[in-house]
Amino acid sequence: MPSPSLCGLLCLLGLLWSTSALDVSYASYINFAGVDILGGNDGLPSHPLLPNYGKPTYPITTDGNGREQVEAHLSYFEGSYWMHAATWGCDGSLFVFAFGAGDDYPASPTYAPGDYGADGNCGIKSYSSPDLVSWTLRDFYQPDMSVANVTKPVVRYSNATGQYVMIMGGNAKSNFFYATAASPAGPWSNPPSVMAGAHINHDFDVAVGPDGTHYMLSDPFTNATLTTDGYGVPVWDLYVQQLAPNLTSTLNTTATLIRSAEQLRDTGLTLEACGFFYHDGYWYLTFGMTCQNCAGYVYYYYAEHPLGPYTDGGYLSLDGCGGQNKGANVLPSAAGPVVVAGSLGYKTGPDNLVVGDNIWHADNHQAASSTYFFPLTFNADHTIRNLTCPAVARVPLVAGVPPPDEPLALQLDCRVRTGQTIAQWFDTPKVVSQLEFPVWQRTDNLGPTWNAGPVLNGPLTVTLGFDDGDHARFVWAASNVSWAPTKITMDVAGRNVSWIKLTTNATNGCYGTLAQPNTDKDGAYGVVVHGQRTTSPLAQLYVYQY
6 MPSPSLCGLL CLLGLLWSTS ALDVSYASYI NFAGVDILGG NDGLPSHPLL PNYGKPTYPI
66 TTDGNGREQV EAHLSYFEGS YWMHAATWGC DGSLFVFAFG AGDDYPASPT YAPGDYGADG
126 NCGIKSYSSP DLVSWTLRDF YQPDMSVANV TKPVVRYSNA TGQYVMIMGG NAKSNFFYAT
186 AASPAGPWSN PPSVMAGAHI NHDFDVAVGP DGTHYMLSDP FTNATLTTDG YGVPVWDLYV
246 QQLAPNLTST LNTTATLIRS AEQLRDTGLT LEACGFFYHD GYWYLTFGMT CQNCAGYVYY
306 YYAEHPLGPY TDGGYLSLDG CGGQNKGANV LPSAAGPVVV AGSLGYKTGP DNLVVGDNIW
366 HADNHQAASS TYFFPLTFNA DHTIRNLTCP AVARVPLVAG VPPPDEPLAL QLDCRVRTGQ
426 TIAQWFDTPK VVSQLEFPVW QRTDNLGPTW NAGPVLNGPL TVTLGFDDGD HARFVWAASN
486 VSWAPTKITM DVAGRNVSWI KLTTNATNGC YGTLAQPNTD KDGAYGVVVH GQRTTSPLAQ
546 LYVYQY
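Take any residue in the sequence shown, note its place counting from 1, add 5, and you have its number in this note's numbering.
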């Protein structure tokens with residue numbers, strides 16, 4: 006039996022632990038809508054083989070625009086959370102800026118074909134947040150035209166140079182690009198430079214050890230392919246290498262190598278889309294299956310040294326929670342370091358290719374994609390527990406941050422077509438000075454690998470009806486509507502708005518907006534198809550400002 010003094014010490018430690026545990030605040034990150042407020046009727050059907058954990062949601066920034074978070078990576082620097090993500094708000098030759106109230110719209114804000122957006126990607130966006138919920142756009146990095154199409158940004162800090170280094174993927178067969186900045190918000194050096202070293206292309210992640218040493222995992226092309234259903238699937242080798250202190254090259258050290266060809270022969274696995282992190286004395290490699298951005302298994306290895314030898318950990322998920330593995334995000338918290346696994350929620354459609362029982366995305370609207378985040382949990386023997394794919398992930402925050410409110414679960418609604426109108430009706434008219442809400446566009450897919458052009462062939466019209474029977478009409482050319490939700494502004498001078506309708510005469514796709522769970526209860530939201538009104542009682546139009 007412990008002495009009174011020892012008992013007192015233990016009781017005090019228990020009290021401190023209990024108090025500390027109570028002081029941990031959590032942020033909610035919404036991956037999927039717990040309830041589909043549109044009842045599956047949003048104009049964006051998914052492929053029937055896609056795992057269904059809930060309808061994907063689309064977040065917003067503090068200024069009311071959509072938060073593009075394709076291939077997103079989380080970090081924590083200078084007392085703030087950071088998200089660096091690829092932006093796919095352009096498509097083909099279309100590139101659209103986000104406009105604010107009072108800005109003049111240029112006649113055609115586009116680049117010539119071949120400059121930006123060969124596959125819809127047009128740069129990197131940097132966001133910051135105090136609490137993982139309220140995110141502010143801090144920088145939009147558009148690399149020099151000769152580089153273009155940079156993807157998968159990962160930001161790390163170099164103690165040697167005092168600079169932040171953003172490493173980005175590019176061409177699958179060339180070395181990675183990097184840019185530097187004095188702040189995680191940028192501005193980033195432009196044009197970006199090419200990393201020096203061997204075996205560094207395609208997918209990657211960068212892990213940081215307890216002594217601050219950085220190691221890169223990469224899966225370069227081996228010039229070998231596997232034929233599945235008549236399609237050639239690349240076979241990748243897997244390397245771990247130490248980075249130089251400035252984080253812009255690999256050191257001349259012996260690299261850990263896992264040969265995918267041998268892995269395929271021994272286990273039947275094909276591995277890419279890699280992640281890499283350090284946690285509690287162990288190093289972990291995570292991988293998705295090799296496919297054209299599909300929902301596939303997540304597999305992992307672990308070791309006590311970054312250069313191995315690695316132990317086979319097995320599957321974390323058989324379906325990637327409806328996405329493809331996207332790295333690991335290590336964040337500090339009042340409860341200790343937390344590892345948040347990323348999963349690329351690529352947009353699918355009913356006409357996507359199916360290769361070897363897996364969906365290969367070909368949807369032309371990847372601006373509708375997201376990155377899902379799932380906190381990892383570990384067993385006592387340092388193995389990782391299987392992913393549970395929660396619709397709402399709860400992430401512990403750093404000490405001193407109060408618990409934020411849960412963000413809105415916003416859903417994409419793309420039902421503005423010729424003969425079809427999205428509408429919001431108000432039982433009690435809204436007094437409106439300036440009306441702002443996000444809109445976006447998407448052309449139709451015409452098959453697995455082509456679509457109906459880079460831009461809709463008709464404008465978007467927003468009509469506001471007033472309580473005195475009058476109305477006002479606002480029109481936006483397709484070239485002024487982004488592929489990612491971006492707010493539009495209408496000055497109404499304090500009039501009473503009874504309804505809002507979005508219409509178009511475009512014939513090659515749809516315009517969309519965002520719907521939120523119905524909290525107003527004063528009115529109705531829905532569509533009018535050739536004069537027939539159908540409402541969604543659980544939804545209302547998301548409006549940033551009345």
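Each residue gets a CB set at the ideal place from its N, CA and C atoms; glycine is no exception.
Put residue i into one of helix, strand or coil per three-state DSSP.
i    : result
R161 : strand
T227 : strand
D432 : strand
A367 : coil
D326 : Per the sequence presented here, residue 326 reads as Cys, with Asp not at that position. Residue state, collapsed to three classes: helix.
N57  : coil
S113 : Annotation note: pLDDT 33 at S113 (below 50); position unreliable, coordinate value reported separately. It is coil, neither helix nor strand.
L290 : strand
R264 : coil
N251 : coil
N485 : helix
D108 : With a pLDDT of 33 at D108, under the threshold of 50, the modelled position of this residue cannot be trusted; read the value that follows with caution. The answer is coil: DSSP assigns D108 none of H, G, I, E or B.
T376 : strand
R538 : strand
Y232 : The amino acid occupying residue 232 in the given sequence is Thr; Tyr does not appear at that position. Strand, per DSSP.
L269 : helix
T524 : coil
S80  : strand
A300 : coil
A38  : strand
T382 : coil
Y63  : coil
V532 : strand
State the beta-bridge partners of residue i as determined by DSSP.
i    : result
C515 : R447
D496 : Q439
N543 : Looking at the sequence shown, residue 543 is not Asn but Leu. DSSP lists no partner for L543.
D208 : According to DSSP, D208 bridges with nothing at all.
N501 : V436
A90  : K130
E277 : G293
H284 : Y287
S198 : Y183
N456 : N450
V335 : V344
L465 : W481, T509
Y315 : Note: Y315 sits in no beta bridge, so no partner.
A308 : W288
Y244 : S223, L262
For residue i, which of the options has the nearest alpha-carbon?
i    : options                : result
W430 : L413, L392, Y547       : Y547
A498 : Y516, A184, S375, K435 : K435
G531 : W481, Q550, C419       : C419
T218 : R161, V240, A229, W193 : R161
D527 : V437, G536, R270, D432 : D432
T66  : G318, L137, L43        : L137
S85  : W504, S338, D410       : S338
D242 : T232, V421, G235, F209 : F209
W365 : F383, T376, Y377, G350 : G350
G280 : N257, P61, E309, Y244  : Y244
T227 : P239, D216, Y220       : P239
Y320 : Q246, Y306, F82        : Y306
Taking the continuous alpha helix (DSSP H) assigned at residue i, which residues delimit it?
i    : result
T218 : First-last for T218: undefined, no H or E at that position.
Just curious, the beta strand (DSSP E) that residue i is in, first and last residue?
i    : result
E73  : Premise fails: E73 is in no beta strand (DSSP E) and is neither H nor E.
A477 : 476-481
D418 : 416-421
I35  : 31-35
V397 : 397-401
F238 : One detail in the question is off: residue 238 reads as Val in this sequence, not Phe. Unbroken beta strand (DSSP E) run through V238: 236-241.
Q147 : Note, Q147: premise wrong, no beta strand (DSSP E); not H, not E.
Q550 : It is not in any beta strand (DSSP E) - Q550 carries neither H nor E in the DSSP assignment.
G48  : It is not in any beta strand (DSSP E) - G48 carries neither H nor E in the DSSP assignment.
Y590 : The structure shown does not extend to residue 590, since the chain is modelled only from 6 to 551, so the question has no answer here.
L358 : 358-360
How close, in whole Å, do the beta carbons of residue i and residue j come, if the pair is a contact with beta carbons under 8 Å?
i    : j    : result
V345 : P380 : 5 Å
L358 : P453 : 5 Å
A489 : T141 : With a Cβ gap of about 16 Å, A489 and T141 do not count as contacting.
G273 : A300 : So it is not a contact: roughly 18 Å between Cβ atoms.
L451 : D47  : The Cβ separation is near 20 Å, so there is no contact.
G52  : P355 : The question names Gly, yet the displayed sequence has His at residue 52. That belief holds up - the Cβ atoms of H52 and P355 are roughly 6 Å apart, short of 8 Å.
Q521 : L440 : Actually they do not touch by this definition, with Cβ atoms about 15 Å apart.
I want to see whether chain D comes within less than 9 Å of residue i, judged by CB atoms only; does it?
i    : result
A346 : In the structure shown, chain D does not exist; there is a single protein chain.
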